[in-house]
Amino acid sequence: MKAADPIARLTVLLAKLPGVGEKTAQRLAFHILESPPEYARDLADALSSLEREVRLCSTCCNLTAQDPCGICADPQRDAKTICVVESVPDLLAVERTREFRGRYHVLHGALSPLDGIGPDQLKLKELLSRLHGDVQEVIVATDPTVEGEATALYLTRLIKPLGVRVTRIAQGMPMGGALEYADQVTLARALSGRREV
Ligand code: ZN
Numbered sequence: 114m115k116a117a118d119p120i121a122r123l124t125v126l127l128a129k130l131p132g133v134g135e136k137t138a139q140r141l142a143f144h145i146l147e148s149p150p151e152y153a154r155d156l157a158d159a160l161s162s163l164e165r166e167v168r169l170c171s172t173c174c175n176l177t178a179q180d181p182c183g184i185c186a187d188p189q190r191d192a193k194t195i196c197v198v199e200s201v202p203d204l205l206a207v208e209r210t211r212e213f214r215g216r217y218h219v220l221h222g223a224l225s226p227l228d229g230i231g232p233d234q235l236k237l238k239e240l241l242s243r244l245h246g247d248v249q250e251v252i253v254a255t256d257p258t259v260e261g262e263a264t265a266l267y268l269t270r271l272i273k274p275l276g277v278r279v280t281r282i283a284q285g286m287p288m289g290g291a292l293e294y295a296d297q298v299t300l301a302r303a304l305s306g307r308r309e310v
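Residues 114 to 310 (the working numbering) are what the sequence shown spells out, left to right.
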């Protein structure tokens, strides 16, 4: 099949998704082809609106179709507490616990010098610009990995001198694990057991 073949083209694109090999990609491509035509149109529309409509919240760097995002725009959410996470899936994991009623800040990564990810690659300036006025506590909810811990330490050193309380979610999260995949009870306990750093 040539790459110009629409089925081959779709297969190549689908095979780039995590966990999708070439065989699965081909199966999905044929499945889409055999589905009612509206499905392919809806799928194409959903994909192109990702590019067109989804952007970063200018306050918290969450992904959103409206700026500010729903959480930043919600007057019921406590503006005194900011929970810092590495990624949007991590934010969603904390939301699922229903234990947290503050605001968030998404770093879009963690410090990893070996991968060339330094402070400038993270949304740190955006975080620092929020730390005046109302904010009393920053909860660092980065992953319990080497990178997540390094990021937590860096944030602590950066934020504490500003007179803002910094807490770290409790251990008990499996080391090396990802926040995103932690079960709700473990994550809720880690949040409520957070400690001053
Ligand atoms: Zn936001």
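Note that beta-carbon positions come from the ideal geometry of N, C-alpha and C, so glycine has one too.
Any chance the segment 204 to 215 sits against the segment 297 to 310, with 3 or more Cβ pairs inside 8 Å? Look at the beta carbons and you see the segment 204 to 215 touching the segment 297 to 310: at least three pairs across the two are nearer than 8 Å.
Kindly confirm or deny that the segment 180 to 189 and the segment 228 to 247 touch, where touching means at least three C-beta pairs closer than 8 Å. Too few Cβ pairs lie closer than 8 Å, so no.
Could you give the residue range of the alpha helix (DSSP H) that holds G312? Summary: the structure shown does not reach residue 312, with the chain confined to residues 114 through 310, and so no result is reported for it.
Quickly, what does DSSP pair L146 with across the bridge? List them, please. The partner list for L146 (beta bridge, DSSP) is empty, contrary to what the question assumes.
Take the Cβ of H144 as the centre, count every other Cβ of all protein chains shown within 10 Å, and call the residue buried at 16 or more, exposed below. So H144 ends up on the exposed side.
Residue of V133, Q179 and L126 minimising C-alpha distance to L160: Ranking the options by Cα distance to L160, first place goes to L126.
Starting from the N-terminal end, write out each residue whose C-beta falls within a distance shorter than 6 Å of any non-hydrogen atom of the ligand ZN. Going by the Cβ distance cut-off, the answer is C170, T172, C173, N175, P181, C182, I184 and C185.
C-alpha gap between G215 and V253, whole angstroms: Those two C-alpha atoms are separated by around 13 Å.
Whose C-alpha, out of A138, Q139 and Y217, is nearest the C-alpha of D191? Relative to D191, the option among A138, Q139 and Y217 whose CA is nearest is Y217.
Checking 9 Å against the spacing of the C-beta atoms, do E250 and T269 come in under that value? No; because the gap between Cβ atoms is not below 9 Å, this pair is not in contact.
Within 9 Å, strictly: CB atoms of I120 and A142: Contact flag set, yes.
Indicate the three-state DSSP secondary structure (helix, strand or coil) for K193 in the structure shown. For K193, the secondary structure class from DSSP, reduced to helix, strand or coil, is strand.
Going by CA-CA distance only, name the one from T255, E309 and L237 that's closest to L204. The shortest C-alpha separation from L204 is found at T255.
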